[in-house]
Structure formats: C-alpha cells, structure tokens
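Novice: Just passing along the structure, written as structure tokens.
Numbering (my numbering), first residue to last: 244 to 813.
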C-alpha cells in the first residue's frame with residue numbers, strides 16, 4: 244500500500260495531506276520540526292563553551308604544552324534556543340554610580356595595557372586573566388566596560404612577543420566562554436586567531452583553537468564570522484600524527500562546533516570527513532564523541548550530507564560503536580545513524596548491510612537512557628518506512644517484539660517513536676508481515692495511540708497502518724483462514740476497544756483524519772455503527788425523555804365525555 248509522506252518539510256506539513264502514491268524516500272523524511280528540536284538538544288549535549296582556568300602555563304618558549312585536558316572545565320551548556328547576546332553588554336550605558344567604584348581598581352591595569360611598554364602590557368594582561376578565573380559574568384562585564392578588548396585583539400599580532408600573544412588569547416578565550424562572545428567576534432580578534440593557527444609555537448596554536456571553538460559555539464552569526472575568515476583549512480592542518488591528546492581533543496571539539504548548522508557551499512566537506520573518519524577510531528572518549536557529533540552535523544547541515552558521509556566509509560565504524568559501553572558515546576553515534584536512516588532506500592540499505600539491526604536488538608534489550616532508546620526507535624521507524632525487504636530485515640532481527648513492548652509500557656516520547664515504527668511496517672508490509680505484526684500483539688497498543696496523541700501526522704499514519712491491516716484481514720477471511728463473513732482483524736480491533744477509539748476520532752478536528760476514520764468505520768464496521776445508532780434508549784433515558792417532553796408541552800385538554808348509552812362495558 245502506498246504510504247503518505249510524514250512531514251518532509253514545513254510547507255508540506257502546512258498543506259493538506261498528500262495523495263497516495265508517494266515514494267518511500269519522501270515518506271522517510273518526516274517530522275523535520277521534531278528533528279530541529281533534536282538538533283537544539285543535541286547542540287546542548289555536544290556543543291558547549293570551555294573556559295580555561297588552569298594555573299599559568301610555562302613560558303611559551305618552553306617546548307612542553309599545557310595539560311588542557313586535566314584542567315579545563317566546562318561551563319553549563321548554553322540554552323537550547325539560539326542565544327543572542329547584545330552587541331553592547333547590558334549596563335554599559337547605565338548610571339555608573341556603583342560600577343565606578345568597581346572599576347577604580349582596574350584603572351591602573353588599563354593604563355598598563357594601553358602603555359607602550361611590553362613588560363607592563365604583559366603584566367596587566369596576566370592580571371586580567373587572573374580576574375577572569377572566577378568565571379563570573381559580572382567580572383566579564385567590568386572588563387568589557389574597561390574597553391580593553393580591542394587592545395587584547397591587537398596583542399594577538401605581536402609575533403615578537405609570544406608570551407603576550409598567549410596571555411591575550413587566554414583572556415579573550417575566557418570572555419568568549421561567557422555570554423558576550425559576540426563582542427570578542429566583533430573586536431577584530433577572529434582573523435588574528437585564524438592567523439595564529441599557523442604560529443610556530445604549539446601553545447599559541449592550541450589557545451587559538453580553543454578561542455575559535457568558543458566563538459563558533461555561541462550562535463550562528465558568530466560561527467559565520469569564523470567561517471568567513473577561512474578557519475577550516477588552517478584548522479584541519481592542525482591534525483597531525485604526533486599531536487598530544489589534550490591538543491587533539493581541543494581541535495576535534497573546535498571542528499565539531501564549526502560543523503554545526505548549515506555549512507557554506509564553498510566549504511569543502513571531503514577534507515573534513517577524511518579527518519573525522521580517522522578520529523572515530525580514537526580510544527579517547529571525548530575525541531570520539533565530538534567526532535561523531537561532527538558527522539551528525541554534516542549529515543544535517545550540508546546538501547547531500549548523508550551521501551558525503553556514506554562515501555567517506557564511516558558507517559561500519561559507526562555501527563560498531565553502537566556496542567560501546569559508554570552512553571556518552573552512544574548518544575552521538577546513534578543520533579548520527581538516525582540522521583543517516585532518514586535518507587533514501589539505497590542509503591538506508593547501507594547501514595542495514597553494515598549490521599545495524601542486530602546491534603539495535605541488543606541495545607533494546609539493555610537499560611539505556613530514554614534519549615538513546617528514542618533514537619533507536621526512530622532508526623527502526625525510518626527503516627520500516629522503506630521497502631518490504633527492509634521491513635522483513637527488521638522482523639528477522641526480532642526488533643518488532645521490542646517495539647511492541649515499548650509501545651505498551653515505555654514513556655510517552657518512546658511510545659510515540661515505537662508507534663511510528665509499527666505503523667510504518669503495517670502501512671508498507673505484505674500480508675504475511677502484517678500477520679506477523681498482529682501475532683505479536685501490535686493492534687491493541689496501536690489503537691490506543693489514536694486517542695493518546697494529538698500529533699496529526701502520527702494519528703494519520705496509525706490509521707493508514709490499521710487500514711492496511713484491515714485489508715489484509717479481508718484477504719485472510721476470503722482465503723478461508725477465518726469465517727468467510729468475518730474479518731479477523733476487524734473483529735479483534737472491535738474486541739480490544741479500538742472501534743471506540745475510532746469513533747472518538749470523529750471529533751479530532753482534522754478533516755483528513757475524519758475522512759479516513761469514516762472510511763474505515765463505513766467499510767469494516769458499518770453494521771456495528773448502524774446498530775449503535777438504532778439501539779433503543781435505556782429505561783432511564785426513556786423516562787428522562789418522556790418527563791422532559793411532558794414538562795415542555797402544554798397540558799392536553801381532557802378527553803370528551805361520551806354520550807349516555809355509548810359507553811362500552813366489559
């Protein structure tokens with residue numbers, strides 16, 4: 244049975260429901276608004292700014308690099324919506340009564356920063372960096388009001404004084420980790436940070452990567468500024484075989500932040516994927532997680548991104564990582580695979596052939612967090628939106644038993660995805676596949692979905708699945724498997740209360756849902772519905788109606804008195 248596409252775009256979602264006959268690929272591209280919510284949540288999980296508040300590093304002339312991995316701490320993730328820090332921080336133009344006293348202690352440091360003496364500049368920059376170690380926005384605001392950010396950006400170009408470059412980069416990195424990242428992006432620092440990726444000093448390069456990662460993580464406009472300054476090529480040049488793990492972590496994290504969102508057309512994705520295809524084999528969990536997030540972002544933010552990722556040959560390793568012991572790795576891995584599963588049948592077949600279904604079976608059998616199981620159900624629903632062969636592969640992997648169990652007992656979000664998986668299989672499955680689904684007890688929980696969710700697309704998809712099940716039931720009855728006058732699946736839906744749910748949907752408030760509900764009621768339960776309409780009212784109801792009628796009508800005139808001799812006697 245041809246299936247209707249499930250929200251391939253905002254325009255399609257706003258339009259009326261599509262006519263049948265749409266291909267499976269469009270059917271799989273559903274609920275893009277839901278995917279956007281996932282992207283925001285995944286951004287919170289995979290993108291965050293990082294302050295650098297470890298003790299002062301050794302002088303830059305020293306060959307050793309700072310142990311960033313042991314000392315770096317992460318601030319709480321930014322809000323799920325796009326942040327929008329003002330181009331001018333709050334209170335900058337406010338009365339300076341209380342603030343003036345706070346800034347009095349900075350005046351000497353500010354004078355040194357603006358002096359012509361390099362030693363004084365370095366001393367003051369170190370003091371500013373120490374002030375920022377408390378991680379408070381109030382401190383950041385005081386420093387911004389001191390109007391020293393352009394001066395620190397200027398220090399980034401002091402190639403004759405790498406220690407001053409390092410300290411200035413450190414100050415700007417921590418300000419970029421605050422709520423005022425845009426000020427750093429607009430003070431002239433971005434191009435200088437990009438230039439510092441070519442510095443001969445490893446510590447300076449590391450700090451520049453850190454700062455660029457914080458700027459890119461803030462919001463799309465900041466990320467666009469970083470991309471407009473040509474960050475990709477010099478950043479990719481940092482990935483070398485002899486990199487320390489701490490530096491490799493920072494570089495991978497920065498690359499992941501830069502990949503988030505829509506990449507400009509001029510950005511070449513292939514070199515990025517060549518690096519990521521190596522990073523996903525790392526034994527370090529932080530590197531591994533950020534590399535997998537980058538794959539997801541590329542799938543979602545690049546035209547033909549899914550095909551680019553498949554061409555990079557990363558699917559085998561991604562599927563293998565589904566068996567990783569850490570949930571911190573599983574979340575980006577399964578999210579990336581879920582995005583790949585939203586491709587066309589050929590693209591989905593790649594991950595099926597790589598063995599994703601047996602891995603999902605094992606994953607369903609274990610106690611993983613809700614968001615991981617939800618993504619697993621999303622993958623299954625996208626596979627069952629494909630061909631009958633792909634539906635059969637899901638059945639052969641014994642996944643539908645888990646999907647039915649989740650549809651019965653799981654939390655609401657997981658139930659919803661499990662309902663998509665089963666309704667897709669019912670809509671596109673063969674008669675034998677539908678018989679298998681029914682034998683696994685899918686009908687009753689699928690009928691319960693009809694009145695538990697207000698998602699129009701989901702309800703319509705469930706109705707389509709039930710329609711295909713009922714058609715298969717007609718064939719089963721004609722073949723003599725049941726009484727010729729009985730559709731076994733219609734009878735079961737009636738017995739489990741599904742008919743009541745269908746009748747309740749007549750008030751759902753959507754024309755297309757109403758039309759399909761009426762089609763099912765009239766095609767398979769016309770006699771039951773007619774009987775319900777023709778049932779006599781109960782005694783209580785009859786008495787109520789009669790009483791109401793008597794109260795509403797005027798008293799009838801008394802009967803005429805018959806003439807004498809006309810009365811009949813018994």
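Heads up, the beta-carbon is just placed ideally off N, CA and C, and yes, glycines get one too.
Can you say whether residue 508 is buried or exposed, counting buried as having 16 or more other CB atoms within 10 angstroms of its CB?
Specialist: Looking at its Cβ environment, which holds fewer than 16 other Cβ atoms inside 10 Å, residue 508 is exposed.
Novice: Is there contact between the stretch 465-473 and the stretch 483-491, where contact requires at least three CB pairs shorter than 8 Å?
Specialist: Touching, no, given that fewer than three Cβ pairs across the two stretches are closer than 8 Å.
Novice: Please list, in chain order, all residues of the same chain as residue 280 whose beta carbon is under 7 Å from its beta carbon, the five residues on each side excluded.
Specialist: Confidence at residue 280 is low in this model, with a pLDDT of 42, below 50, so the placement of that residue should be treated as unreliable; the coordinate-derived value is given next. Excluding sequence neighbours, residue 280 sits near nothing in its chain.
Novice: Count the other CB atoms, across all protein chains shown, that sit within 10 Å of the CB of residue 566; report buried if there are 16 or more and exposed otherwise.
Specialist: The residue in question, residue 566, is exposed, as its Cβ has fewer than 16 Cβ neighbours within 10 Å.
Novice: Should the stretch 373-383 be called in touch with the stretch 392-402, which here means at least 3 C-beta pairs below 8 Å?
Specialist: Touching, no, given that fewer than three Cβ pairs across the two stretches are closer than 8 Å.
Novice: Considering only C-alpha positions, which residue in the set 442, 432, 441 is nearest to residue 455?
Specialist: Nearest option by C-alpha distance: 432.
Novice: Are the CB atoms of residue 705 and residue 661 within a distance shorter than 7 Å?
Specialist: In this structure, residue 705 does not lie closer than 7 Å to residue 661 by Cβ.
Novice: I'd like the span of the alpha helix (DSSP H) that includes residue 381, first residue to last.
Specialist: Run containing residue 381: 380-388, per the alpha helix (DSSP H) assignment.
Novice: Which residue from 442, 476, 729, 576 puts its Cα closest to that of residue 524?
Specialist: Per the Cα distances, 576.
Novice: Measuring alpha carbon to alpha carbon, tell me which residue in 752, 750, 745 is nearest residue 766.
Specialist: Ranking 752, 750, 745 by Cα distance to residue 766 puts 745 first.
Novice: Since residue 720 and residue 731 should fall inside the 8 Å C-beta cutoff, what is the C-beta to C-beta distance between them, to a whole number of angstroms?
Specialist: Going by Cβ atoms, the distance from residue 720 to residue 731 rounds to 7 Å, so yes, they are a contact pair.
Novice: If you follow the alpha helix (DSSP H) that residue 655 is in, where does it begin and where does it stop?
Specialist: Residues 655-671.
Novice: What's the C-alpha gap between residue 339 and residue 424?
Specialist: Legend: pLDDT at residue 339 = 47, less than 50; position of this residue unreliable, value from coordinates given subsequently. For residue 339 and residue 424, the distance between alpha carbons rounds to 23 Å.
Novice: Tell me whether residue 499 is buried or exposed, calling it buried when 16 or more other Cβ atoms sit within 10 Å of its Cβ.
Specialist: Burial call: buried.
Novice: For residue 569, I'd like the list of residues in its chain whose CB is within less than 8 Å of its CB, leaving aside the five on either flank, ordered along the chain.
Specialist: Excluding residues within five positions, the ones whose Cβ falls inside 8 Å are 528.
Novice: Please classify residue 691: is it buried, with 16 or more other beta-carbons within 10 angstroms of its beta-carbon, or exposed?
Specialist: Burial call: buried.
Novice: Could you give the distance in angstroms between the alpha-carbon of residue 623 and the alpha-carbon of residue 460?
Specialist: For residue 623 and residue 460, the distance between alpha carbons rounds to 31 Å.
Novice: How long is the line joining the alpha carbons of residue 426 and residue 656, rounded to whole angstroms?
Specialist: For residue 426 and residue 656, the distance between alpha carbons rounds to 39 Å.
Novice: Residues in the same chain with beta-carbon distance under 7 Å from residue 586, minus the five sequence neighbours each way, listed in chain order, please.
Specialist: Excluding sequence neighbours, residue 586 sits near 549.
Novice: Pull up the CB-CB distance for residue 545 and residue 506, whole angstroms please, since I reckon it's below 8 Å.
Specialist: 5 Å between Cβ atoms; contact.
Novice: Can you tell me whether residue 352 is helix, strand or coil according to DSSP?
Specialist: Residue 352 falls in the helix class under three-state DSSP.
Novice: Looking at the structure shown, is residue 685 part of a helix, part of a strand, or coil, going by DSSP?
Specialist: Note: residue 685 maps to coil in three-state DSSP.
Novice: Secondary structure at residue 413, three-state DSSP: helix, strand or coil?
Specialist: Residue 413: helix per DSSP, three-state reduction.
Novice: Buried or exposed, going by whether 16 or more other CB atoms sit within 10 Å of the CB of residue 526?
Specialist: Exposed: under 16 other Cβ atoms inside 10 Å.
Novice: At a cut-off of 6 Å, would you count residue 721 as near the ligand COA, judging by its Cβ distance to the nearest heavy atom?
Specialist: Here there are no bound small molecules, and the ligand COA is not part of this structure.
Novice: Taking only runs that begin and end inside the stretch 493-528, name each unbroken alpha helix (DSSP H) of 4 or more residues, in chain order.
Specialist: Here the runs fully enclosed are 512-522.
Novice: Just reading off the alpha helix (DSSP H) that residue 465 is part of, what are its end residues?
Specialist: Residues 463-471.
Novice: Helix, strand or coil, according to DSSP, for residue 597 in the structure here?
Specialist: In the structure shown, residue 597 sits in coil (DSSP, three-state: anything other than H, G, I, E or B).
Novice: Determine the burial state of residue 514: buried for a count of at least 16 other Cβ atoms within 10 Å of its Cβ, exposed for fewer.
Specialist: Classification of residue 514: exposed, given that the 10 Å Cβ count is below 16.
Novice: Go ahead and label residue 554 buried or exposed: buried means 16 or more other beta carbons lie within 10 angstroms of its beta carbon, across all protein chains shown.
Specialist: When all chains shown are included, residue 554 counts as exposed.
Novice: Along the chain, where does the alpha helix (DSSP H) containing residue 699 start, and where does it finish?
Specialist: Where residue 699 is concerned, the enclosing alpha helix (DSSP H) stretches over 699-721.
Novice: Can you check which of these residues, 349, 358, 695, is closest to residue 371 by C-alpha distance?
Specialist: Here the closest residue by C-alpha is 349.
Novice: Less than 8 Å between the CB atoms is what I'm expecting for residue 640 and residue 601, so what's the real figure, rounded?
Specialist: That pair is a contact at about 6 Å.
Novice: Within a Cβ cutoff of 7 Å, which residues of the same chain sit near residue 411, ignoring the five residues on either side of it in sequence?
Specialist: So the qualifying residues of the chain are 368, 395, 398, 399.
Novice: Apply the 10 Å Cβ neighbour rule to residue 317 and answer buried if 16 or more other Cβ atoms are within range, or exposed otherwise.
Specialist: In this prediction, residue 317 scores a pLDDT of 33, lower than 50, which makes its location untrustworthy; the coordinate-derived value is nonetheless stated afterwards. When all chains shown are included, residue 317 counts as exposed.
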